[in-house]
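The next block holds one structure in the form of structure tokens; read it before the comments.
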Amino acid sequence: MRIGTYQQYQSLQDLVVRAQERVMNLQRSLADGKRIRQPSDDPLGTLDILAFRTARAASQAHVKHAEVGVRNMKLSENSLNGIAEILKRAQVLVIQGANAPTTQDARQAMAAEIRTLRERLVGLANSQDGFGRYLFAGTAVTTEPFEVNGDPPTISYNGDDGKLLLEVGPGTTLEGNLLIQQEVTNAFNALVDAEQRLIGGDLTGLSGVTLQLVQDANAAINLLRGEVGQRQTQFASATEIATRRADDLTKAISEREDIDVTEAISNLQVAQAAYQASLASFSMVGRLSLLDFLR
Numbered sequence: 043m044r045i046g047t048y049q050q051y052q053s054l055q056d057l058v059v060r061a062q063e064r065v066m067n068l069q070r071s072l073a074d075g076k077r078i079r080q081p082s083d084d085p086l087g088t089l090d091i092l093a094f095r096t097a098r099a100a101s102q103a104h105v106k107h108a109e110v111g112v113r114n115m116k117l118s119e120n121s122l123n124g125i126a127e128i129l130k131r132a133q134v135l136v137i138q139g140a141n142a143p144t145t146q147d148a149r150q151a152m153a154a155e156i157r158t159l160r161e162r163l164v165g166l167a168n169s170q171d172g173f174g175r176y177l178f179a180g181t182a183v184t185t186e187p188f189e190v191n192g193d194p195p196t197i198s199y200n201g202d203d204g205k206l207l208l209e210v211g212p213g214t215t216l217e218g219n220l221l222i223q224q225e226v227t228n229a230f231n232a233l234v235d236a237e238q239r240l241i242g243g244d245l246t247g248l249s250g251v252t253l254q255l256v257q258d259a260n261a262a263i264n265l266l267r268g269e270v271g272q273r274q275t276q277f278a279s280a281t282e283i284a285t286r287r288a289d290d291l292t293k294a295i296s297e298r299e300d301i302d303v304t305e306a307i308s309n310l311q312v313a314q315a316a317y318q319a320s321l322a323s324f325s326m327v328g329r330l331s332l333l334d335f336l337r
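Taken in order, the sequence shown gives residues 43 to 337; the numbers are from my numbering.
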């Protein structure tokens with residue numbers, strides 16, 4: 043009987059300790075709202091959470107990439123819109139300059155305006171984002187892409203043909219930059235041609251070759267504007283999809299990691315009752331006298 047009573051005493055002591063630990067764990071869970079604080083709390087749940095967190099980090103990176111694409115396309119669109127306005131104005135000047143009643147002094151003034159338009163064109167072609175990176179330099183984003191030299195002036199390209207590929211989803215990449223070397227060069231050359239023919243009073247050339255050059259350059263820029271609009275839509279859609287996926291993964295993590303408050307309170311009440319019962323049983327055994335052990 044002595045051994046049996048001692049075993050009962052040890053068993054009840056272990057029961058009290060386990061009941062106390064459960065109460066403390068449930069109290070901590072209610073305090074921090076977490077069901078899983080360490081892998082041993084739920085090994086399988088922990089594996090799920092780790093996988094979800096990895097996937098969420100990837101989705102959050104996709105969101106950032108897509109946002110870069112949206113920003114680049116908006117800035118590119120602004121620059122292209124400016125170039126289109128320049129070419130539209132140049133076309134008006136070329137048509138006016140080709141009219142016979144226009145005086146040569148007026149054509150000289152038009153040539154000066156064309157020269158100003160040309161300088162604005164180069165400035166827009168060398169546009170930067172808010173971080174000092176050139177939009178139209180390919181992947182050579184720290185190099186000013188377009189440079190003007192000589193008289194008559196010529197334009198040269200110092201960037202590269204690299205594409206800024208942005209991963210915006212699992213296995214999905216979009217081009218986050220625009221290569222416009224040829225379009226800018228053609229637009230620049232059209233303006234140089236217009237300036238020279240206005241200065242020289244070449245009415246036939248203005249109404250023929252020059253007007254066609256300006257119109258072709260404008261058409262090419264408008265095609266780029268359409269392409270930018272399509273890409274902007276793609277990046278915006280990718281941003282929405284990646285954001286939604288990241289939010290879904292956050293919810294999945296919470297469902298596995300966080301407690302159900304109502305359920306946790308109920309479990310705590312049950313655990314506290316079990317703890318009090320184990321204490322009562324342990325106390326009864328502890329009050330056994332020496333004679334009780336000797337019987």
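Heads up, the beta-carbon is just placed ideally off N, CA and C, and yes, glycines get one too.
Within its chain, find whatever has a CB closer than 8 Å to the CB of residue i; leave out the 5 residues flanking it on each side and keep chain order.
i      : result
ARG162 : GLY124 and ILE128
ALA132 : ILE156, LEU159, ALA232, LEU233, ALA236 and VAL256
ILE91  : ILE78, ILE295, ARG298 and GLU299
ARG353 : Residue 353 is absent from the model: the chain starts at 43 and stops at 337.
LEU207 : THR215, LEU216, GLU217 and GLY218
VAL110 : LEU208 and GLY218
THR184 : GLY174, ARG175 and TYR176
LYS130 : ASN260
From the DSSP output, in three-state form, read off residue i for me.
i      : result
THR144 : coil
ALA313 : For ALA313, the predicted model reports a pLDDT of 49, less than 50, meaning its position is unreliable and no value from the coordinates is stated.
GLN102 : helix
GLN150 : helix
ASP84  : coil
Under 7 Å Cβ to Cβ from residue i, same chain only, skipping five residues before and after it: list those, please.
i      : result
ALA126 : ASN260, ILE263, ASN264 and ARG267
THR292 : ARG98
LYS205 : GLU217 and ASN219
THR285 : VAL105
Express the C-alpha separation of residue j and residue i in angstroms, rounding to a whole number.
i      : j      : result
ILE283 : LYS106 : 12 Å
PRO85  : HIS104 : 29 Å
THR252 : THR215 : 40 Å
LEU135 : GLY201 : 31 Å
ALA229 : PRO195 : 13 Å
THR246 : TYR199 : 31 Å
GLY180 : THR227 : 15 Å
ALA93  : VAL210 : 19 Å
GLY174 : ALA167 : 14 Å
ALA140 : LEU248 : 5 Å
GLU269 : ASP147 : 41 Å
ASN191 : ALA108 : 37 Å
PRO143 : SER118 : 39 Å
ALA288 : ALA151 : 58 Å
ILE137 : SER169 : 29 Å
ASP203 : GLU186 : 14 Å
MET43  : THR96  : Summary for MET43: the model assigns pLDDT 43, below 50, so the residue's position carries little reliability, and this model does not support an answer.
GLY172 : ASP290 : 32 Å
ALA153 : ASP193 : 15 Å
GLN224 : ASP258 : 12 Å
ALA182 : GLN254 : 33 Å
THR281 : GLY250 : 47 Å
Looking only at its own chain, which residues have a Cβ that is under 6 Å from the Cβ of residue i, when we skip the five neighbours before and after it?
i      : result
PHE220 : Correcting the residue type first, residue 220 is Leu in the shown sequence and not Phe. Cβ within range, chain order: SER118.
Along the chain, which unbroken stretches of the beta strand (DSSP E) at least 3 residues long are found entirely within the segment 159-220?
Uninterrupted beta strand (DSSP E) stretches at least 3 residues long and entirely within the segment 159-220 occur at 188-191, 196-199, 207-211 and 214-217, given in chain order.
For the 8 Å Cβ check, are there 3 or more pairs between the segment 237-246 and the segment 112-122?
Too few Cβ pairs lie closer than 8 Å, so no.
Curious, which full-length beta strand (DSSP E) runs of at least 3 residues does the segment 208-279 contain?
Counting whole runs of 3 or more residues, the segment 208-279 contains the beta strand (DSSP E) stretches 214-217.
Would the segment 94-102 and the segment 272-282 be scored as touching if the rule is three or more Cβ pairs under 8 Å?
Contact fails: fewer than three Cβ-Cβ distances are below 8 Å.
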